[in-house]
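Student: Provided herewith is a single structure, encoded as structure tokens, for subsequent inquiry.
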Amino acid sequence: MNDFKENIASDAFWLRTLYIALFFLVYRVLDLVILVVTILQWVFRLLSGAPNASLTEFGHSLGVYAGEIIHFLSGASDEKPYPFKDWPDNK
34 MNDFKENIAS DAFWLRTLYI ALFFLVYRVL DLVILVVTIL QWVFRLLSGA PNASLTEFGH
94 SLGVYAGEII HFLSGASDEK PYPFKDWPDN K
């Protein structure tokens, strides 16, 4: 019970809670961005028969970023994703 009282009074706990809420909102917006990228890539494949290279690279880095957010939200990582660190490479 003593840990509970310490956590409730801890600024670090509440700051992490704020980051969790904000990154959850970012993740929900990311869903829409992924939908737009998917539709655009579908149109490129329809018109040219091949995916757009720039969208492919962006989609890859977007997927890595989404993974970083999930790791932070689930507690698998304490490292906050972009903008607290560099945008993920598309490699």
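Per my numbering, the sequence shown starts with residue 34, numbered consecutively.
Ideal placement from N, C-alpha and C gives every residue a C-beta, glycine not left out.
#1: Should the region 36–50 be regarded as contacting the region 63–77, the criterion being three or more beta carbon pairs within less than 8 Å?
#2: Secondary structure at Ala54, three-state DSSP: helix, strand or coil?
#3: Which residue marks the beginning of the alpha helix (DSSP H) containing Asn123, and which one marks its end?
#4: Since Pro114 contacts Glu101 with CB under 8 Å, what's their CB separation in whole angstroms?
#5: Considering only residues of the region 36–87, which uninterrupted beta strand (DSSP E) runs meet the minimum length of 3 residues and lie entirely inside it, listed in chain order?
#6: Tell me the DSSP secondary structure of Ser110 in three-state form.
#7: Verify whether the separation of the beta carbon atoms of Leu68 and Phe77 is less than 8 Å.
Tutor: If we stick to the structure as given:
#1: no
#2: helix
#3: Note, Asn123: premise wrong, no alpha helix (DSSP H); not H, not E.
#4: 4 Å
#5: none
#6: coil
#7: no
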